[in-house]
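Visitor: Residue numbers (the working numbering), protein chains in the order written: chain A, 7 to 352; chain B, 35 to 324; chain C, -11 to 245.
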Amino acid sequence: MKVDVLTLRRAGDGDKRLSSVAQPLLILLCVAGAMALLPLVLGPYGLRVATTACMYLALAQSWNLIGGYAGLVSLAHPAFIGTGAVAAAICLINGLPIAVAALVALALSLSIALLVGAPTLRLQGHYFVVATLLVSEALRNFVLNLDAFGFQGGVSVNIVSHVGVSALGSEAYNRFFYHLMLGLAIAAMAVVLAFDRSRWGLALRTIRDNEAAAAALGVAAARLKLVVFLLSAGMASLIGTASAFWIGTVETNDAYSLLITFEVIVMVFLGGKGTLWGPAIGVGFVLLLNEVIGVEFAEVTQVVSGLIVVLIVLFQPEGLMAALTEGPKALSLRRLRENVRRYRVS
Amino acid sequence: MSTALQIIFDSLLLIGLYAIGALGFALIWGVLNVLNIAYAAFIMLGGYCSWMLWQLGLDPLLALPFTMTLMFGVGWLVQRILVDHVMRGPHALGIALTYGLNLVIVGLALYVFTPEFRSIVLPDYLRGYTEIGGARLTNARAAVAAMALALTTGTWWFIDRTEIGSAIRATRLDPEAARLVGIRVRTIFNLTTALSAALAGAMGGLIVVLYSATPAMGDQYLLQILIVTVLGGLGSMLGPLAGAAVLGVCTSAVATLWGATYATAVGALLVLLLLMVRPAGLMGKRFYEG
Amino acid sequence: MTLLATSGLTKRFGGLAAVNGVDFSAEPGEIIGLIGPNGAGKTTFVDLLTGVQLPTAGRIKFRGRDVTQLASHERSRLGLARTFQIPRPFAGVSIRENVMLGALFGRAGRDVGMAEARALAEQALQRVGLAGQGDRATGTLTVAGRKRLEVARCLAADPTLLFFDEPLGGLNPTEVKEALDLIRALNASGVTIVFIEHIVSAVISVSHRIFVLADGRKLAEGTPQEILANQTVQRAYLGDVKGAVNRSRAARQRRAG
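1) How far does the alpha helix (DSSP H) with Ala105(C) in it reach, from first residue to last?
2) State buried or exposed for Asp146(C), treating a residue as buried only when at least 16 other CB atoms are found within 10 Å of its CB.
3) Between the segment 44 to 59 of chain A and the segment 200 to 207 of chain A, do three or more beta carbon pairs fall short of 8 Å?
4) Could you confirm whether any beta carbon from chain B is found closer than 8 Å to the beta carbon of Asn147(A)?
5) With a cut-off of 8 Å, do at least 3 Cβ pairs link the segment 244 to 260 of chain A to the segment 132 to 143 of chain A?
6) Got a sec: which bits of the segment 91 to 104 of chain C sit with their beta carbon under 8 Å from any beta carbon on chain A, in order along the chain?
7) Is it the case that the CB of Thr221(B) approaches a heavy atom of the ligand GTP more closely than 7 Å?
8) Are at least three pairs of beta-carbons, each pair with one atom in the segment 37 to 49 of chain C and one in the segment 192 to 199 of chain C, less than 8 Å apart?
9) Excluding the 5 residues flanking Ala174(B) on each side, which residues of the same chain have their C-beta closer than 8 Å to its C-beta?
10) Mind pulling the chain B residues with CB within less than 7 Å of Asn1(A)?
11) Could you check where the beta strand (DSSP E) with Glu165(B) kicks off and where it finishes?
12) Quick check: is the beta carbon of Gln322(A) nearer than 8 Å to any beta carbon in chain B?
13) Can you name the start and end residues of the alpha helix (DSSP H) that Phe78(C) belongs to?
14) What does Asn164(A) pair with, by DSSP beta-bridge criteria?
15) Smallest Cα separation from Ser68(A): which of Leu81(A), Met41(A), Leu237(A), Ala105(A)?
16) Counting only beta-carbon separations shorter than 8 Å, does Met78(B) have a partner in chain A?
17) Of all the options Thr148(B), Ile222(B), Ile62(B), Ser36(B), which has the alpha carbon lying nearest to the alpha carbon of Thr263(B)?
18) Can you pull the DSSP bridge partners for Arg84(C)?
19) Whole angstroms is fine: what's the gap from Leu199(A)'s alpha carbon to Leu282(A)'s?
20) Based on the DSSP secondary-structure assignment, which residues constitute the bridge partners of Glu209(C)?
21) Mind pulling the chain B residues with CB within less than 9 Å of Arg343(A)?
22) Mind listing which residues of the segment 172 to 183 of chain A have their C-beta closer than 7 Å to chain E's C-betas, in chain order?
23) Rounded to whole angstroms, what is the Cα-Cα separation between Arg312(B) and Val305(B)?
24) So which of Leu65(A), Glu305(A), Leu320(A) has the shortest CA-CA distance to Leu188(A)?
25) How would you label Ala182(B), buried or exposed, when you count the other beta carbons within 10 angstroms and need 16 or more for buried?
26) Buried or exposed for Ser36(B), going by 16 or more other Cβ atoms inside 10 Å?
27) Could you tell me whether the segment 272 to 288 of chain B touches the segment 73 to 90 of chain B, where touching means 3 or more Cβ pairs closer than 8 Å?
28) Going by other Cβ atoms of all chains shown within 10 Å of its Cβ, with 16 needed for buried, is Val225(A) buried or exposed?
29) Just to make sure I have the definition right: I need the residues of chain B whose C-beta is within less than 8 Å of the C-beta of Val141(A). Which are they?
30) Within the segment 13 to 53 of chain C, note down every full beta strand (DSSP E) run reaching 3 residues or more, in order along the chain.
31) Just the chain A side, please: which residues come within less than 9 Å of Val40(C) by C-beta, in chain order?
32) Can you tell which of Ala144(C), Ser64(C), Thr220(C) has the C-alpha that lies nearest to the C-alpha of Ala218(A)?
33) Mapping DSSP to helix, strand and coil, what is Asn70(B)?
34) Out of Glu297(A), Ile287(A), Gly278(A), Gly333(A), which has the shortest C-alpha to C-alpha gap to Glu324(A)?
35) Helix, strand or coil for Ser(-5)(C), going by three-state DSSP, please let me know.
36) What is the DSSP secondary structure of Arg195(B), reduced to helix, strand or coil?
Take a look at the structure:
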């Protein structure tokens, strides 16, 4: 089975990949089952890290859809995460039940996505990136100055009492939110899995290469990109809402923070964008690194993160996933040298 | 009348700074098609460089040429060693690479300089102001505006009137064709990034004169630079100036009339609307796709 | 019923009319050759017909239905397909996946499941002579192979009318012959074909009818024999041959005399 390094690393797998949902689904369910039992062995700190990991994984997969599969570097994610958090908080402090709050936030995020999605998706290359960034920043600035429905943008909002789980003891509280985040992460993985194996996953991969040719073959490219954008936005919103419930306070600048989205993007790139397991690898790697370095050398965390990004981009742009699918020879010196030369100015 | 004039004078500072910053940023975007996030780090390095030269006794405005020369070298190296390797790849790689580089440089600066604000003492000739038409124009603002004009003119002259400049323009239009007529494209890329870094350094050097230097200073300005660049459009030297003028006046006006807090949202919305209607920006050439 | 008809089709870019008031028609079962000097507007014309560009004026009717403003992907679903001058296969997916795209999205009428799409892709690959290569990456294909992949992609979409944009460019004589055989075989199975080509002998040998474009306008139309004999066509391609011959003869006489 020939594998052409430059064009398609998994050429041989191509066919199997399209049909078999069963295998990865099984793996996913097993992992889910195992992870559900984690609270039995982890202390409160460990549980919190695990919850954070699940949250990041869910976010990573939501970005993976638009940034990995559709190939569009969207910086609009903060807008949806933030709206998920803030809108839900506003609903809660006005007495609405949590399910309704989550749905209202979702509806609002989707409306925003629909409004900005259609025009921005038409923009080419870097203009799309900048436009989505502007959306996030404009929204953040707007919400910061908001003063309505008992919510003031400049002030932190405490919603712990409204969430309604404060009656639980701290252990049960941690476990509840761990399972919630785990559920969201598994759901996100399932969505990406279904997508990856479907005709739309295939269509997206072809749009990335040559949109005009794909359209000539019947793919409604603009519509597909918008749907993916909406899906991604909706997922981000739900995760934003869940995070807000978990943390208990909503602070506008944190909710709409670009930094979290940048971290997520790095995780997706590192693991392998446009793949099912890539983001999981990326999340695991980055959080592990943070645990190891972040505690000891807090000042250099930023430098190390940046260094990792630079090294990955130069030497392994497909992400660590490539090493997994092809085995250790993907990390051989010769391959690394090839990779670094691949995109050079000739 | 005097309110309007005051708005304009107040905005002169921002216009000047953003014009310089956007000019450099637009150069890399326009010629290399790279969204250089590390530009923020270049601004910051320029600021610290000027500050250190001032500490050694040099007048801050005189320090600018030295800062720019140093940053020229830095930009050349960055291009040659790093960005060169992602030029033919998907544009997301360029963004990711420069993002990582920015993290590294700013992180190192945090470590070396600490987050403490470093400022210089304003030299005497920059203090004081003149009254024109009932509005106050500080000398510092006038100086910055003058520098911005000088740098824009200088860059325009270089790009438009010299042979190397036309090589840069040719590369911008069509790198393949440029190569065919004998232009060494890689060298042009190195030169462009170097120029861009020099301009960023100038912006940083001017910021430190009026405000102060801190590791995050470049990051703060990056969003506004993006806005100005997109507003003004790529492909024209006047674009950044036009974009800066529009954004500067609008921001000042909004701040004066409704309070500074909504300024960002207004600026962002303005650009978004513009992008929908005219993706090339105010003065951008439509044939070039970002 | 006429399969495809255009009336007054025009495309302007600023002051330049790349396609200028063209009336064209294709009957079911025909093979029509579209020829003309460089810059005549042939590719733009096909772009207009397939929805890659929208016309400035004029109408296009496919099977009696007005499709002038329809998007590219919708025309594909109606049965219009095209290949591109420079084939660019989708590099990120395998050869079979390339073809499956046409089966999954381009077919008129019913939607096809993944398994069926795979079978249809296999059939299409067989018809163009790429059987058994489905799992490979597109980078392994030669120029001729890539052109065949383009055709297979279109075939999987079960087209009624297929546009070829310079299918023979870059092929050696054997490959040209194979390509022409493929065109004839496709036509025999019921696909109407319109193809742009520069190799005049190939166009003559395979077309039922030839349509000549020059400077965005229709220059001539007719059977291969009629077009070969047509003086206006000759002048458009070769310039004023008779006049040039006369002038050089006169110059030679003057030098001798």
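All C-beta atoms, glycine included, are put in the ideal place defined by N, C-alpha and C.
Guide: Taking the geometry as given:
1) 102 to 116
2) buried
3) no
4) yes
5) no
6) Leu92, Phe93, Gly94, Arg95, Met102, Ala103
7) What this structure holds is no ligand at all, so the ligand GTP is not there to describe.
8) no
9) Leu47, Leu156, Leu160, Arg161, Val243, Leu244
10) Since the displayed chain A opens at 7 and closes at 352, residue 1(A) lies outside it and no answer follows.
11) 163 to 166
12) no
13) Here Phe78(C) belongs to no alpha helix (DSSP H), and DSSP marks it neither H nor E.
14) Thr255(A)
15) Leu237(A)
16) no
17) Ile62(B)
18) The partner list for Arg84(C) (beta bridge, DSSP) is empty, contrary to what the question assumes.
19) 6 Å
20) Phe199(C)
21) Ordered by position in chain B, no residue passes the 9 Å Cβ test against Arg343(A), which lies about 11 Å from the chain.
22) You won't find chain E in this structure, because its protein chains are A, B and C.
23) 10 Å
24) Leu65(A)
25) buried
26) exposed
27) no
28) buried
29) Ala302, Leu306
30) 19 to 23, 45 to 50
31) Ala218, Ala221, Ala222
32) Ser64(C)
33) coil
34) Gly278(A)
35) strand
36) helix
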